[in-house]
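**Student:**
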Amino acid sequence: MRSDLVVIGLGYVGLPLAVEATRSGMTVVGLDKNAEIVTRLNAGVSHVDDIDDAAVAGVRAQGFTATTDESAVAGADTVVICVPTPLSEHGGPDLTMVESACAAISRHLRPGTLVVLESTTYPGTTDEVVRPLLERSGLTAGRDFHLAFSPERVDPGNQVYGIRNTPKVVGGHTSACATAAAAFYGKIVDTVVQATGTREAEMAKLIENTYRHVNIALVNEMAIFCNELGIDLWDAISCAATKPFGYQAFRPGPGVGGHCIPIDPNYLAHKVRTLGYPFRMVELAQEINTRMPRYVVERAQHLLDRAGKTLGGARVLLLGVTYKADIADQRETSARDVVKRLRARGADVSYHDPYVPEWSVDGTAVPPAADLSAALETADLAILLQRHRVFDLDEIQRRAPLLLDTRGAARPQPHVERL
-8 MRSDLVVIGL
2 GYVGLPLAVE
12 ATRSGMTVVG
22 LDKNAEIVTR
32 LNAGVSHVDD
42 IDDAAVAGVR
52 AQGFTATTDE
62 SAVAGADTVV
72 ICVPTPLSEH
82 GGPDLTMVES
92 ACAAISRHLR
102 PGTLVVLEST
112 TYPGTTDEVV
122 RPLLERSGLT
132 AGRDFHLAFS
142 PERVDPGNQV
152 YGIRNTPKVV
162 GGHTSACATA
172 AAAFYGKIVD
182 TVVQATGTRE
192 AEMAKLIENT
202 YRHVNIALVN
212 EMAIFCNELG
222 IDLWDAISCA
232 ATKPFGYQAF
242 RPGPGVGGHC
252 IPIDPNYLAH
262 KVRTLGYPFR
272 MVELAQEINT
282 RMPRYVVERA
292 QHLLDRAGKT
302 LGGARVLLLG
312 VTYKADIADQ
322 RETSARDVVK
332 RLRARGADVS
342 YHDPYVPEWS
352 VDGTAVPPAA
362 DLSAALETAD
372 LAILLQRHRV
382 FDLDEIQRRA
392 PLLLDTRGAA
402 RPQPHVERL
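If you're matching positions, the sequence shown starts at -8 in our numbering and goes up one per residue.
Structure below.
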């Protein structure tokens, strides 16, 4: 079957791309190894926060189809790889899924096809890993087919910026490859930015996320010593944010989550280590951000101590366990580490999150609290880990006997502390 585009990997990056491309008039096929996801999509059912069922049904009516059959690649003008790139056991990037996708493409690659990698990785991956695998087809990148890298910039839950109005960076294996990739994305997004090459495009993504990682670590460390100094860091940040130039506000929290912040900067650190020295800024940021769940539990224990209670045996209610507000995504959520540490100290942990009906940590279920009001009144301590807009902060502050707010949303009171 002929198609304008095959998207490999129909997750938080691939599905929004497939939807936007279909809406732009392209004939799109989504390729995924997960048969359940493929079946659900073909039935008009979404599994991604930002894409609802109506959107899937709409693009299905426009011709979008999902499949597990890799031969769909043979009929595509463009193939975009959007598979996950988690960290390996040794802390470097795990490119298993990228390699598997490339192997599948190479078995069906035909002359003139544009292949684009969107999966986040370290600089050099497109040329050193993807290109050799694709060239097993007998075709040569830059001569027989086009090859490019374009970093994904999907921000789950963002109501302002989506695929179309977020500028798209592209870097080609050759200038002709870059031109082909820019022409393709120009049909889907409003602004295309051409990088010098694939390494520069790969590096751009890591710069974006390392910048956030380091600055979040900075305010997280400030939160610890500001508490000791009796300084309201949240108020200080709000004051600093009034400066109209030279400053961008970052705020502390219980840790970092999602795919980008806790994982992507480590790709860069991994690449730097191959040169024989550490990337100290990233490694220090990782150390600070990783220790925040421990600090949250320490603050919880101090709150209970002052109230004459102990953490062991205390009923602790967690509010919001996703990695980001107003979405169901739990990837790398710091709430998991908070639960592990609370349980290790003997706390009786439950949670309330309207986006997460069931939740388990290390194979053990965390009891959900369906009735928030009743759960707050029976808890010894509530910890606000995620500020979902559906939460009634006034009710939470009124009913919780003790409240630790890790998001700076509550008003400081005798029974309420902010991180």
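C-beta: ideal position from N, C-alpha, C; glycine also. It should be emphasised that the depicted structure is a prediction, and the values quoted were computed from it without experimental measurement.
Could you round the C-beta distance between T112 and T76 to whole angstroms and report it? I think they count as a contact, below 8 Å.
**Tutor:** 5 Å between Cβ atoms; contact.
**Student:** Hey, quick one: how far does the alpha helix (DSSP H) through K159 stretch, first residue to last?
**Tutor:** Looking at the DSSP string, K159 is not in any alpha helix (DSSP H); the run it does join, the beta strand (DSSP E), is 159 to 163.
**Student:** Do V411 and A52 have their C-beta atoms closer together than 7 Å?
**Tutor:** Residue 411 cannot be examined here, being either before or after the span of the chain that is shown, -8 to 410.
**Student:** Looking only at its chain, what residues have a beta carbon closer than 6 Å to the beta carbon of V205, apart from the 5 residues adjacent to it on each side?
**Tutor:** These residues qualify, in order along the chain: M272, A276.
**Student:** For V310, list the residues DSSP reports as bridge partners.
**Tutor:** Going by the sequence as given, residue 310 is Leu instead of Val. H343, L375.
**Student:** Specify the secondary structure class of T69 as computed by DSSP and reduced to three states.
**Tutor:** Note: T69 maps to strand in three-state DSSP.
**Student:** Are the CB atoms of I72 and S97 nearer to each other than 7 Å?
**Tutor:** Contact: no.
**Student:** With respect to the beta strand (DSSP E) encompassing R409, which residues constitute its N-terminal and C-terminal limits?
**Tutor:** R409 -> beta strand (DSSP E) spans 407 to 409.
**Student:** Determine the direct distance from the alpha carbon of R285 to that of L266, and round the result to whole angstroms.
**Tutor:** So the alpha carbons of these two residues sit roughly 33 Å apart.
**Student:** Enumerate, from N- to C-terminal direction, the unbroken beta strand (DSSP E) stretches of 3 or more residues contained entirely within the segment 241 to 312.
**Tutor:** Segments of the beta strand (DSSP E) lying fully in the segment 241 to 312: 306 to 310.
**Student:** Provide the residue span of the beta strand (DSSP E) that contains D396, from first to last.
**Tutor:** That run of the beta strand (DSSP E) goes 394 to 396.
**Student:** Where do the ends of the alpha helix (DSSP H) carrying L(-4) lie?
**Tutor:** Careful: L(-4) lies outside any alpha helix (DSSP H), inside the beta strand (DSSP E) at -6 to -1.
**Student:** Quick one: what's S62 bridged to in DSSP?
**Tutor:** The partner list for S62 (beta bridge, DSSP) is empty, contrary to what the question assumes.
**Student:** Where do the ends of the beta strand (DSSP E) carrying L108 lie?
**Tutor:** Where L108 is concerned, the enclosing beta strand (DSSP E) stretches over 105 to 108.
**Student:** Given that a residue counts as buried once 16 or more other Cβ atoms are within 10 Å of its Cβ, and exposed if not, what is N257?
**Tutor:** Result: buried.
**Student:** Relative to the C-alpha of I28, which candidate in A260, A12, L6 has its C-alpha closest?
**Tutor:** Considering only alpha carbons, the answer is L6.
**Student:** Which residues in the same chain have their Cβ closer than 6 Å to the Cβ of T157, if we skip the five residues on either side of it in sequence?
**Tutor:** R144.
**Student:** Just to confirm the assignment, what range does the beta strand (DSSP E) spanning H137 have?
**Tutor:** Unbroken beta strand (DSSP E) run through H137: 137 to 140.
**Student:** So, for Y346: in the same chain, excluding its five sequence neighbours on each side, which residues have a beta-carbon less than 6 Å away from its beta-carbon?
**Tutor:** Result list for Y346: T313, A319, in chain order.
**Student:** Quick one: Cα of V357 to Cα of L124, how far?
**Tutor:** Straight-line Cα distance between these residues: approximately 43 Å.
**Student:** Looking at the secondary structure, which residues open and close the beta strand (DSSP E) in which V121 lies?
**Tutor:** V121 -> no beta strand (DSSP E), and no H or E assigned at all.
**Student:** Would you call G163 buried or exposed, if buried means 16 or more other Cβ atoms sit within 10 Å of its Cβ?
**Tutor:** Classification for G163: buried.
**Student:** Excluding the five sequence neighbours on either side, which residues of its own chain have a C-beta within less than 6 Å of the C-beta of V64, listed in chain order?
**Tutor:** Cβ within range, chain order: V(-3), V70, I96, H99.
**Student:** When you compare only the Cα positions, how much space is there between N200 and P142?
**Tutor:** Near 11 Å, if we compare the C-alpha coordinates of P142 and N200.
**Student:** Do I215 and V247 have their beta-carbon atoms positioned less than 7 Å apart in this structure?
**Tutor:** In this structure, I215 does not lie closer than 7 Å to V247 by Cβ.
**Student:** Could you tell me the alpha carbon to alpha carbon distance between R101 and C168, rounded to whole angstroms?
**Tutor:** Taking the straight line from one Cα to the other gives about 15 Å.
**Student:** Is the number of C-beta pairs between the segment 294 to 310 and the segment 336 to 346 that are closer than 8 Å three or more?
**Tutor:** Touching, yes.
**Student:** Please name the residue in C251, T397, E191 whose C-alpha comes closest to that of V287.
**Tutor:** Answer by Cα proximity: T397.
**Student:** Taking only three categories from DSSP, how would you classify V145?
**Tutor:** In the structure shown, V145 sits in coil (DSSP, three-state: anything other than H, G, I, E or B).
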